[in-house]
Amino acid sequence: MKDIKDLSKKLEKFIPKDKKEVTKNTSSLGIAMRLSSELVAAVFVASVIGYYLDKWLETKPFLLIVFFFLGAITGILNVVRTSKMINKD
Amino acid sequence: MATNPMTQFEVYSIGPKIQIGNIDISFTNSSLFMVITVALISIFFILSTQKKSLIPGKMQLLAEMIYEFVAKMISDTAGKDARPYFPFILSLFLFVLVANMVGMIPYSFTVTSHIIVTFALAFFIFIGVTIIGFIKHGISYLKLFVPSGVPAVLLPLIVVIEIISYLSRPISLSVRLFANMMAGHTMLKVFGGFVVSLGILGGWLPLGFSVALTGLEILVAFLQAYVFAILTCIYLNDALHLHH
Chain A
20 MKDIKDLSKK LEKFIPKDKK EVTKNTSSLG IAMRLSSELV AAVFVASVIG
70 YYLDKWLETK PFLLIVFFFL GAITGILNVV RTSKMINKD
Chain B
6 MATNPMTQFE VYSIGPKIQI GNIDISFTNS SLFMVITVAL ISIFFILSTQ
56 KKSLIPGKMQ LLAEMIYEFV AKMISDTAGK DARPYFPFIL SLFLFVLVAN
106 MVGMIPYSFT VTSHIIVTFA LAFFIFIGVT IIGFIKHGIS YLKLFVPSGV
156 PAVLLPLIVV IEIISYLSRP ISLSVRLFAN MMAGHTMLKV FGGFVVSLGI
206 LGGWLPLGFS VALTGLEILV AFLQAYVFAI LTCIYLNDAL HLHH
């Protein structure tokens, strides 16, 4: 009985460490892709919104410029949020 | 043999041309591989769950592992309330995963390397999640765009930013999957081209790279399917539990 307990203790030492490493390695690539796409998508969406608002309100370049910067802000905010969420896990 | 690395992404129709109005709905190679993907998943699950023995065989074990993997992913990220959406997440995950993996077979077609396919999936998720949110919370779902504890002066700006952030979800979800798959497959093809053009003397180095990249691509194929499914769970979680 004692032997088994000792063995499982020994095993416990190894298993979590090993598992953690695997998930860390595989997901770092995923994290990189996630953050970059998050940043780009927000800028893209905001610019499209700005472009069509411009067309609709006939204020040609102004809203596009405003929304481009809003998109950049949103993108950075999204990246910060996503990395916070990843850190929490 | 095609030397242009982009020809692998060409969509062409197989069989008769079918047209409704101005829309061409002929059966293409893309549709063929989607059918293959769905057929593979169905056949696998039908075969593996046929016996239903208490001590599972290899096939049944694999099916159970997939089931448990997705079930755990949902309960970890979206909680208990997301259980009813399990079939959807499982089919989504398997469709993307198997489509990616089928694309890794030489001379096959990668369905997920087309933005329209991934965008259709992501947009469907986006609409679905929004509807679920409105059903669960009614009009107060719009509180998602108004974070608490923000000074009134900043509120208009924050609301616009939150709306952009919400609308960018389907784009980021679809672009990530599509860009990963397309970039990976193009890279494989380019290195394959180097092997041919450098010949027997210099071709060994790119050949090695090709082998390494194939391994990396299989990893990416799995990882992107996983990320796609887990982000769906996260969006579902936002819709089910309104906390801001």
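Residue numbers (the numbering used here), protein chains in the order written: chain A, 20 to 108; chain B, 6 to 249. Glycine included, C-beta positions come from ideal geometry on N, C-alpha and C.
Item: Buried versus exposed call for B/M11 [16 or more other C-beta atoms within 10 Å across all chains shown]; Value: exposed
Item: Where B/I169 falls: helix, strand or coil (DSSP); Value: helix
Item: Proximity winner among B/F199, B/T219 and B/G207, relative to B/G189 (alpha-carbon distances); Value: B/T219
Item: Positions along the region 144 to 155 of chain B whose CB lies within less than 9 Å of some CB in chain A; Value: none
Item: A/L96 versus A/V85 - alpha carbon distance; Value: 17 Å
Item: Rounded straight-line distance, which links the Cα of B/I94 to that of B/A251; Value: Past the boundaries of the shown model lies residue 251 of chain B; chain B is included only from 6 to 249, so the question cannot be answered.
Item: Buried or exposed (CB count within 10 angstroms, at least 16 for buried), B/K148; Value: exposed
Item: Extent of the continuous alpha helix (DSSP H) run through B/G133; Value: I120 to H142
Item: Closer than 8 Å at the beta carbon, the chain A residues around B/I166; Value: L89, I92, T93 and L96
Item: Assigned secondary structure, B/I60 (DSSP; H/G/I helix, E/B strand, else coil); Value: coil
Item: Min CB distance B/L218 to chain A below 7 Å; Value: no
Item: Beta carbon of A/A91 nearer than 7 Å to that of B/S177; Value: no
Item: Cβ-Cβ distance between B/N27 and B/A230 below 7 Å; Value: no
Item: Enclosing alpha helix (DSSP H) for B/D86 [first to last residue]; Value: Taken as a continuous stretch (DSSP letters only), B/D86 belongs to no alpha helix (DSSP H), as it is neither H nor E.
Item: With 16 other Cβ atoms within 10 Å as the buried cut-off, status of B/H246; Value: exposed
Item: Reduced DSSP category for B/I30 - H, G, I as helix; E, B as strand; rest coil; Value: coil
Item: Chain B contact residues for A/F63, given Cβ-Cβ distances below 7 Å; Value: I176
Item: Residue-level contact to chain A via CB, B/I169, 7 Å cutoff; Value: yes
Item: Contacts that B/R88 makes with chain A (C-beta to C-beta distance below 9 Å); Value: Ordered by position in chain A, no residue passes the 9 Å Cβ test against B/R88, which lies about 21 Å from the chain.
Item: Enclosing alpha helix (DSSP H) for A/L96 [first to last residue]; Value: K79 to K107
Item: Cβ-based burial, A/V64 [other Cβ within 10 Å; buried from 16]; Value: buried
Item: Span of the alpha helix (DSSP H), counted from its first residue to its last, around B/V103; Value: F91 to G108
Item: Helix, strand or coil at B/I163 according to DSSP, with G and I counted as helix; Value: helix
Item: Helix, strand or coil at B/S47 according to DSSP, with G and I counted as helix; Value: helix
Item: Contacts that B/L172 makes with chain A (C-beta to C-beta distance below 7 Å); Value: V64
Item: Segment limits, alpha helix (DSSP H) that includes B/P211; Value: W209 to L245
Item: Chain-order list of residues whose beta-carbon lies under 6 Å from that of B/F150 (same chain, five-residue window excluded); Value: V164, E167 and I168
Item: Per DSSP, the bridge partner or partners of B/I71; Value: Its beta-bridge partners do not exist; DSSP assigns none.
Item: Three CB pairs or more closer than 8 Å across the region 38 to 47 of chain B and the region 181 to 200 of chain B; Value: no
Item: Contacts that B/V180 makes with chain A (C-beta to C-beta distance below 9 Å); Value: S56, V59, A60 and F63
Item: Rounded C-alpha distance that separates A/N44 from B/V216; Value: Confidence is the limiting factor: at A/N44 the pLDDT is only 48, short of 50, which leaves the residue's position unreliable and the question unanswerable from this model.
Item: Sub-7 Å separation of B/T82 and B/I223 beta-carbons; Value: no
Item: Chain A contact residues for B/V75, given Cβ-Cβ distances below 7 Å; Value: Ordered by position in chain A, no residue passes the 7 Å Cβ test against B/V75, which lies about 16 Å from the chain.
Item: Under the three-state DSSP convention, the category B/I25 falls into; Value: strand
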